[in-house]
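Protein chains in written order, with this note's numbering: chain A, 5 to 362; chain B, 33 to 190; chain C, 74 to 444.
Shown next, in structure tokens, is the structure this report addresses.
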């Protein structure tokens, strides 16, 4: 059957037969890099048009409908526009850091691609501490934002960066704790193990209410971590114009923009992997016939379907809710999410020990 | 008690958020509620109300005759000096000299569409047209002469 | 005074919000002294959209100057025109026909709803929720369509003239207004669902920007900004003009004095306006829509002052006449100017994010402040 893993395996075989092992490795790394960059570009285009359409329909508008069929090429046109625009570096900015910051944002997003399983047996790097790796690398994101805010030499940028620093550092905690709930259930940090443990049902169904709470906490925390509304204080446009990327223009701005969307994709992919079974089709216990029917749908479709559903939920948040204030944002984390997820983790641990889950 | 209040707060908060999300989901799925008009495309079907104040025009009949007597009421009524009446002397049927308008100059760029000139006109010679696409590349094109070349005043209008 | 550019001697940060800033709807310039996120001082700078409307009016005749006032508070253009027309009528001592009075009140209340509608959307947008803005425009556009049909314009109508209104009501007016009332009633609960009931919104608004009743009076606040603090100041009630004394409606009052109170005032005021329209829409008396006045108006020598309740508060028009065809001096007492002056007082000590909530609930229209 045609699948991502078959293609990857055939390619690997052909490369190993043609070249020596070192060369094979180098070629495969280059190919993976190109694939990731291609995926970035595709994701940027798709997610931007998706966001614009979702927002338009929620706001009783039509949304982009001029470029291409039903406006589907709008984001391509926008990208072209951003490419030809001048990338301005303001006077008085720390030029090196200013130009470095968008690339750090992109590199962090790229690194996060590594442990994500896009389809059955199709993964860049199935390292044994995958989940830990993800939460470690994703907190590097804040460095690029702080760097951009500081080096812009603009007060709006600086305030946005400082807000974002406080925000990301706090929300790391509850995101980490809710991820830990799945890790406790599975007993492994490896992404492939976590997915295989959901072969008889996704964790969100198997883990009773505590898992649902963990899932909700996770979604809220990652929304905050990726600086999406209602937690977009770092770029609160009615207060701080554009926050940390006020001074950026042209392609450097586009990189931040792209990094935001790619980050949303990544956190949703991780959420789908941990709670909704990643590429694992919808299986119910030992209903073999039903499970077989579900298996006919390719695993990549399952993965992308779940991920895009979660992305839709995050966009749905953005176009419904007003923004929080900075102290309310921290209150929500420290007074509500953190205690809830801590107690929740305790319950999940007890459940895991007593084998109360399905 | 503190714990019950805490749980109640969380419950009410989450509920209020879900109510809002339900409303946006309704609009997300009900595209017939969309009220956008696609303006340049619907130009043919676009109907403006008959009172819409677009620009001042002077209607002429089929004999190229208008109703303007040149009484300057519009010129006086205009707050911005938008309208200028330029006269000429005409010989009427009996060979007497008669004052008539040569040009009624209308500066669209100065007009605020306040409708005062139309109200002031005693002979209904001018009216508001329902046009609204006034952009031009040359500013001079905004200075318009309302009466057609060679036009005359209608018989019976004093 | 300043150690380095943009910092005070205490090391506080000074930032400029506006005149080109997404938070200030228009060209308001606020110089804010910040200690971290906490506001220490707000200094509004005006003059970016000053068109010297008062001076312009001195060279225009009593018929002509009214159209300029549509450009002051462009969201309640009808009510501005109404105030000027009332003042000229006071000087001329003409009675206007009952039909014209009813038309004026109907238009005023429709304008009030349209203005509050836009405020509601813009306010939610300030707080980061974009969707309500577009939903508010759905209702506002249907009011604008009604206006366009009768008055010929959507924003700067110049419909009220000394002696009545410029044209009679359009035959469709009653039908379309009833349609609007139905639409409004069908959609009003969405406002609660989307914004008012939202926990994030309530937390952003409650206990923010507290204005006590004494301060509201001493700063000269009027309209919803003062009524949110419990100051009864609705000109329609205390100095009724036109037929407001014969109508049944409540003066909306809240006592909390915070941003949420001011928000609720406007939401409830829209419902009172709906009530007024419902009373009048089927009872428009027949008759003239305009009293015959002379072609050239001359006010007798003297001073004339009228005030009306706009969507933002009390608008006063003060005309000094020397007996000629043009006013000797005109002064507008605009509600926005006094309401803006209270911003520094209520903003001190709150967070930067609260500033937009306060500016939103004061409902500032910058051309109204600057004139």
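Glycine is no exception: its CB is placed at the ideal position from the N, C-alpha and C atoms.
Chain A partners of residue i, CB-CB under 8 Å?
| i | result |
| --- | --- |
| residue 203 of chain C | 59, 63 and 323 |
Restricting to Cα atoms, I'd like to know which of the options is closest to residue i.
| i | options | result |
| --- | --- | --- |
| residue 384 of chain C | C:431, C:441, C:333 and C:416 | C:441 |
| residue 221 of chain A | A:136, A:176 and A:192 | A:176 |
| residue 185 of chain A | A:23, A:354, A:317 and A:8 | A:354 |
| residue 349 of chain C | C:181, C:104, C:123 and C:115 | C:181 |
| residue 423 of chain C | C:218, C:160 and C:282 | C:282 |
| residue 119 of chain A | A:270, A:206 and A:162 | A:270 |
| residue 365 of chain C | C:216, C:354 and C:170 | C:170 |
| residue 219 of chain C | C:254, C:203, C:165 and C:329 | C:254 |
| residue 406 of chain C | C:387, C:417 and C:398 | C:387 |
| residue 111 of chain C | C:432, C:430 and C:420 | C:420 |
| residue 62 of chain A | B:65, B:185, B:38 and B:59 | B:59 |
| residue 403 of chain C | C:409, C:414, C:389 and C:410 | C:389 |
| residue 153 of chain A | A:182, A:257 and A:336 | A:257 |
| residue 40 of chain B | C:142, C:272, C:84 and C:327 | C:272 |
| residue 144 of chain C | C:227, C:186 and C:412 | C:227 |
| residue 54 of chain B | A:226, A:126 and A:321 | A:321 |
| residue 250 of chain C | C:203, C:200 and C:186 | C:186 |
| residue 194 of chain C | C:98, C:134 and C:224 | C:98 |
Residues in its own chain within less than 6 Å of residue i by CB, not counting five upstream and five downstream?
| i | result |
| --- | --- |
| residue 121 of chain C | 92 and 100 |
| residue 348 of chain A | 214, 217 and 218 |
| residue 157 of chain A | 96 and 97 |
| residue 74 of chain C | With a pLDDT of 38 at residue 74 of chain C, under the threshold of 50, the modelled position of this residue cannot be trusted; read the value that follows with caution. Excluding positions up to five away in sequence, the list is empty. |
| residue 114 of chain C | 106 |
| residue 110 of chain A | 259 and 263 |
Please work out which residues of its chain come closer than 7 Å, Cβ to Cβ, to residue i, disregarding the five sequence neighbours upstream and downstream, and give them in chain order.
| i | result |
| --- | --- |
| residue 208 of chain A | 215, 216, 219, 279 and 280 |
| residue 81 of chain A | 71 |
| residue 224 of chain A | 341 |
| residue 330 of chain A | 167 and 237 |
| residue 108 of chain A | 147, 148 and 151 |
| residue 302 of chain C | 284, 285, 286, 289 and 330 |
| residue 411 of chain C | 292, 293, 294 and 295 |
| residue 234 of chain A | 321, 325, 326, 327 and 328 |
Residue i versus chain B: which residues are under 8 Å apart at the beta carbon?
| i | result |
| --- | --- |
| residue 66 of chain A | 66, 68 and 70 |
| residue 133 of chain C | 111 |
| residue 211 of chain C | 67 |
Starting from the C-beta of residue i, find all residues in its chain whose C-beta is less than 8 Å away, skip the five residues before and the five after it, and write them out in chain order.
| i | result |
| --- | --- |
| residue 77 of chain A | 71 |
| residue 431 of chain C | 281, 282, 332, 416, 419, 420 and 423 |
| residue 102 of chain C | 89, 90, 91, 92, 117, 118, 119 and 121 |
| residue 179 of chain B | 90, 92, 98, 100, 133, 135 and 136 |
| residue 357 of chain C | 172, 175, 176, 179, 242 and 247 |
For residue i, return the contacting residues in chain C, with the cut-off set at a CB-CB distance below 7 Å.
| i | result |
| --- | --- |
| residue 151 of chain B | 239 |
| residue 91 of chain B | Those within 7 Å of residue 91 of chain B in chain C number zero; the least Cβ separation is about 17 Å. |
Which residues of chain B have a Cβ atom closer than 7 Å to the Cβ of residue i, listed in chain order?
| i | result |
| --- | --- |
| residue 137 of chain A | Within 7 Å Cβ-Cβ: nothing; residue 137 of chain A doesn't reach chain B, min ~32 Å. |
| residue 137 of chain C | 111 and 148 |
Using a Cβ cut-off of 9 Å, pull out every chain A residue sitting near residue i, in sequence order please.
| i | result |
| --- | --- |
| residue 197 of chain C | 326 |
| residue 42 of chain B | 340 and 344 |
| residue 104 of chain C | Ordered by position in chain A, no residue passes the 9 Å Cβ test against residue 104 of chain C, which lies about 12 Å from the chain. |
| residue 139 of chain B | Ordered by position in chain A, no residue passes the 9 Å Cβ test against residue 139 of chain B, which lies about 35 Å from the chain. |
Residues of chain C with CB under 8 Å from residue i, in chain order?
| i | result |
| --- | --- |
| residue 114 of chain B | Per Cβ cutoff of 8 Å: no residues; residue 114 of chain B is ~12 Å from chain C at best. |
| residue 84 of chain B | 221, 225 and 226 |
Cβ closer than 9 Å: which chain B residues qualify as neighbours of residue i?
| i | result |
| --- | --- |
| residue 320 of chain A | 53, 56, 57 and 60 |
Can you pull the chain C residues whose beta carbon is under 9 Å from the beta carbon of residue i, in chain order?
| i | result |
| --- | --- |
| residue 81 of chain B | 218, 221, 222, 223, 225, 243 and 245 |
Segment contact, 8 Å Cβ cut-off, at least three pairs: the segment 151-163 of chain B with the segment 74-89 of chain B: yes
Can you find at least 3 beta carbon pairs, one from the segment 206-216 of chain C and one from the segment 258-268 of chain C, that sit closer than 8 Å? yes
Is the segment 302-317 of chain C touching the segment 87-96 of chain B in the sense that three or more CB pairs, one from each, lie closer than 8 Å? no
Mind the definition here: the segment 173-187 of chain C touches the segment 27-44 of chain A only if three or more C-beta pairs lie below 8 Å; say whether that holds. no
Counting Cβ pairs closer than 8 Å, one from the segment 295-313 of chain A and one from the segment 253-262 of chain A, do we hit at least three? The segment 295-313 of chain A is not in contact with the segment 253-262 of chain A.
Specify whether the segment 285-305 of chain C and the segment 232-245 of chain C touch according to this definition: at least 3 beta carbon pairs, one from each stretch, less than 8 Å apart. In short, these stretches do not touch, since the Cβ pair count stays below three.
Do the segment 356-374 of chain C and the segment 272-292 of chain C meet, that is, are 3 or more Cβ pairs less than 8 Å apart? Result no; under three Cβ-Cβ pairs closer than 8 Å.
Across the segment 129-137 of chain C and the segment 102-113 of chain B, are there enough close Cβ pairs to call them in contact, namely three or more that are closer than 8 Å? yes
Residues of the segment 264-287 of chain C with a CB closer than 9 Å to any CB of chain A: list them in chain order, please. Cβ proximity to chain A below 9 Å picks out 267, 268, 271, 273, 274, 276, 277 and 281 from the segment 264-287 of chain C.
When Cβ atoms are compared, which residues of the segment 215-235 of chain A fall closer than 7 Å to chain C? 233 and 234
Flag this pair as touching only if the segment 9-16 of chain A and the segment 120-127 of chain A have three or more C-beta atom pairs under 8 Å; answer yes or no. yes
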